[in-house]
Amino acid sequence: MKIVAKYSHRGGEEFIREHHPQEYQEIEEIIEAIKASKLKTKISKEKTMMGRVLYSPKALNERFEEEFRKRGWEKGRVILRVEIPEIGRIHEGPREMDAFKNGLGVEIQFGKYAFMVYNILAKMTIFHNSGLIDSGVEIVPMLNMARQMSTGVSYFEQVKADLVHRGESEIDIPVLVLGVDDE
-15 MKIVAKYSHR
-5 GGEEFIREHH
5 PQEYQEIEEI
15 IEAIKASKLK
25 TKISKEKTMM
35 GRVLYSPKAL
45 NERFEEEFRK
55 RGWEKGRVIL
65 RVEIPEIGRI
75 HEGPREMDAF
85 KNGLGVEIQF
95 GKYAFMVYNI
105 LAKMTIFHNS
115 GLIDSGVEIV
125 PMLNMARQMS
135 TGVSYFEQVK
145 ADLVHRGESE
155 IDIPVLVLGV
165 DDE
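Note that the working numbering numbers the sequence shown so that position 40 is 24, with each residue one more than the last.
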C-alpha cells in the first residue's frame, strides 16, 4: 500500500516527526509492506455490488496487526469507570487501541464512518488522558479504495472535511490522518 494523502490535526505531523521519528518511519514501512491487492477476498452480497470481489476489512486489519506486532508495537487497552447515580450503578467498559509504542497511538479504520472521527476526537484523547499516548495516527482508505469495499466505509476525504470544518479544540491531541490506497 501507499500513503496518498495526509492531514495534520492540531499539528500532528510536525509533533510526530519531531517526537516519534522512528515510530513514524515504522508506520511508513508497515503501510508499504501490505499488498492490499492480495486482500481482495470478500465476495459482496450487497444488492448494488452482488458478486464483486472487494477488499476485506478483516484481512486488512489482520495484516496491519501482524506487521505492527513484528515491530514490537502493542495493543492498547484502558478500562473506563463511570458512576451512573440515576440507577445506582458504576459502569465499567474497555476501550482498545490497535497499536501503540513509545507514546504514539495508531488506529487502523477500514470500517464505518462514525468510528474514524470517534477514534480521533474521543478515543485518542481518552488514551492521552490515561497517560499511554501523547499523539496519534489514524490510517484510513482513500475514496478510490473505499469504493472497492462494502458500502458505508468511510474514507480520508470525508474525515478531513469534518475535521477541517469542525476546527481544533484545546482537548484535541496532535493526530496525523493518513489516507492509503493500493500500491
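Just so you know, even glycine gets a beta-carbon here, dropped at the ideal spot from N, CA and C.
Nearest to residue i (by Cα), restricted to the options the options
i: Val(-12); options: Val124, Val137 and Val159; result: Val124
i: Val148; options: Met(-15), Tyr(-9) and Lys(-14); result: Tyr(-9)
i: Asp118; options: Lys29, Ser28 and Asn86; result: Asn86
i: Ile157; options: Tyr139, Phe111 and Val164; result: Phe111
i: Ser114; options: Gly(-4), Leu88, Ala145 and Ile27; result: Leu88
i: Tyr8; options: Met108, Arg150, Met81 and Arg55; result: Arg55
i: Glu194; options: Lys107, Ala130, Arg61 and Thr135; result: Any answer about residue 194 is impossible in this case: the structure gives the chain only from -15 up to 167.
i: Lys26; options: Ser40, Ser138, Phe94 and Arg47; result: Ser40
i: Thr32; options: Glu167, Arg131 and Leu162; result: Arg131
i: Ala106; options: Ile155, Asn128 and Ile92; result: Ile155
i: Val175; options: His3, Ile104 and Met34; result: Residue 175 is absent from the model: the chain starts at -15 and stops at 167.
i: Phe48; options: Glu10, Asp146, Pro5 and Gly72; result: Glu10
i: Ser21; options: Met129, Pro5 and Gly35; result: Met129
i: Glu167; options: Gln6, Glu12 and Pro5; result: Glu12
Distance between beta carbons of residue j and residue i, contact taken as under 8 Å
i: Glu51; j: Ile74; result: With a Cβ gap of about 38 Å, Glu51 and Ile74 do not count as contacting.
i: Glu141; j: His(-7); result: With 8 Å as the limit, Glu141 and His(-7) do not qualify as a contact, their Cβ atoms being about 15 Å apart.
i: Arg61; j: Pro78; result: 6 Å
i: Glu225; j: Ile63; result: No answer is possible for residue 225: it lies beyond the span of the chain, which begins at -15 and ends at 167.
Beta-carbon spacing of residue i, residue j below 8 Å
i: Lys59; j: Ala83; result: yes
i: Gly120; j: Val164; result: no
i: Lys(-14); j: Ile15; result: yes
i: Met133; j: Leu38; result: yes
i: Met108; j: Val143; result: no
i: Asn45; j: Phe94; result: yes
First and last residue of the uninterrupted beta strand (DSSP E) at residue i
i: Pro69; result: First-last for Pro69: undefined, no H or E at that position.
i: Pro125; result: Ser119 to Pro125
i: Asp75; result: Note that residue 75 corresponds to His in the displayed sequence, not to Asp. Residues Arg73 to Lys85.
Enclosing alpha helix (DSSP H) for residue i [first to last residue]
i: Gly(-4); result: Gly(-4) to His3
i: Leu44; result: Pro41 to Lys54
i: Trp147; result: Inspection of the sequence shows that residue 147 is occupied by Leu rather than by Trp. Taken as a continuous stretch (DSSP letters only), the alpha helix (DSSP H) holding Leu147 covers Phe140 to Arg150.
- Okay, do the region 87 to 100 and the region 61 to 69 touch, 3+ Cβ pairs below 8 Å being the bar? Too few Cβ pairs lie closer than 8 Å, so no.
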